[in-house]
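One structure below.
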Ligand code: NAD
Ligand code: UDP
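Residue numbers (the UniProt record's numbering): 6 to 351.
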């Protein structure tokens, strides 16, 4: 029997989970799976600032306790080492954010069966906690449910173009199945669900070796290494800064029950990957060369969110421009490159 590893477990007496933190009160007891990752750690920071009690569950496969540095002293944070593929008994909650899942293609493809299990069995396990707790639960879904989209920009009504047998399928189909489980739990058990379709998001606390394009380009530029454009660089992505994205997740969680989604969350400003490389070179003043490598299989040609629903129902739009967000991100990686032992291994 595999057991969870309790790294930091507190049930502070001033925040009992038996009513004082129930939904409707200002202080809530909130579960964040994948809380030691990039997005999860920023979300936990905001939830703690709001006075909530937070339980972080993570298996530290792509995440790192260093991401929670500065928060670990907070008595309202508990951290539990656990794989969400396995059922979890961590008490009851008012709200659950399900973020556990590797997000970078090289990471989610490294063990594709584990990725599918994390998406599907993980969703089932947290939905059961939501059902038992009568908690509101938010799923971190993804623009990858649209696959290589033939509709542009992508509205939530587009059903997508996913290759179900390719190397990205473990993630794309896993996330699609998780969405269907969320809606079935809402229909069968009346669970209050929220499904966010997150588009490419970047910022501090991404791993330098994460493998996604923003971290790769910035780290390569800062180290004077070749900048690796996959394919011709004409494919597009729309990049959202992490603080905007976390704000969108929290607004979705706080929205009326009728707003269950799916809701696209992302920045509609669209760039080619070639443009991104030029911007990073210019902003870092790097001497790096740009080199062209093979395009990965099934790499989507274009991606841009239609955020009409988020605007209308959450009053949410992103505010941070690519240049402002990149400037924060470059500062972070400058210090990570200078002190490799301090954060993640480089
Ligand atoms: P990340 O890899 O930094 O974080 C994922 C976290 O989940 C890590 O801390 C990892 O250790 C943990 N994890 C993975 N498998 C687990 C398991 N089986 N049990 C417990 N913990 C596990 O990635 P991120 O960018 O922070 O992404 C967070 C969530 O948002 C993911 O679900 C991802 O699919 C989704 N998302 C992110 C983006 C983006 O651009 N960042 C876009 C779309 C969707
Ligand atoms: N990409 C690239 N060089 C890199 C990493 C990624 O050109 O070093 C490309 C990748 O092929 C894709 C885009 O950048 O077209 C975004 O890739 P990422 O892995 O960040 O996210 P996703 O493909 O999941 O949107």
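Yeah, the Cβ is synthetic: ideal placement off N, Cα and C, and Gly gets one too.
Which first and last residues belong to the alpha helix (DSSP H) in which residue i is found?
i, result
"residue 119", "117-138"
"residue 330", "327-343"
"residue 314", "313-319"
Would you kindly work out how many angstroms separate the C-alpha atoms of residue i and residue j, rounded to a whole number?
i, j, result
"residue 175", "residue 231", "30 Å"
"residue 152", "residue 216", "19 Å"
"residue 305", "residue 167", "10 Å"
"residue 123", "residue 178", "12 Å"
"residue 331", "residue 313", "25 Å"
"residue 80", "residue 239", "48 Å"
"residue 291", "residue 165", "38 Å"
"residue 300", "residue 156", "21 Å"
"residue 74", "residue 341", "14 Å"
"residue 58", "residue 298", "46 Å"
"residue 318", "residue 33", "23 Å"
"residue 237", "residue 149", "21 Å"
With DSSP run on the structure shown, which of helix, strand or coil describes residue i?
i, result
"residue 244", "coil"
"residue 29", "Confidence is the limiting factor: at residue 29 the pLDDT is only 49, short of 50, which leaves the residue's position unreliable and the question unanswerable from this model."
"residue 282", "helix"
"residue 72", "helix"
"residue 225", "helix"
"residue 58", "strand"
"residue 84", "strand"
"residue 49", "helix"
"residue 251", "helix"
Look up residue i in the DSSP assignment and give the residues it is bridged to.
i, result
"residue 170", "Partner(s): none; residue 170 has no beta bridge."
"residue 152", "166"
"residue 239", "DSSP, once it has assigned bridges, lists no residue as partnering residue 239."
"residue 159", "310"
"residue 38", "62, 103"
Mind checking which residues open and close the beta strand (DSSP E) that includes residue i?
i, result
"residue 199", "197-203"
"residue 275", "275-277"
"residue 268", "268-270"
"residue 67", "Unbroken run through residue 67: none, as it is neither H nor E."
"residue 210", "Residue 210 -> no beta strand (DSSP E), and no H or E assigned at all."
Inset, instruction - Determine contact between the segment 239-256 and the segment 277-291, defined as no fewer than three beta-carbon pairs at a distance below 8 Å. - result: yes
Inset, instruction - Kindly confirm or deny that the segment 204-224 and the segment 327-344 touch, where touching means at least three C-beta pairs closer than 8 Å. - result: yes
Inset, instruction - Spell out a yes or no on whether the segment 179-188 and the segment 115-133 are touching, meaning 3 or more CB-CB pairs, one atom from each, closer than 8 Å. - result: yes
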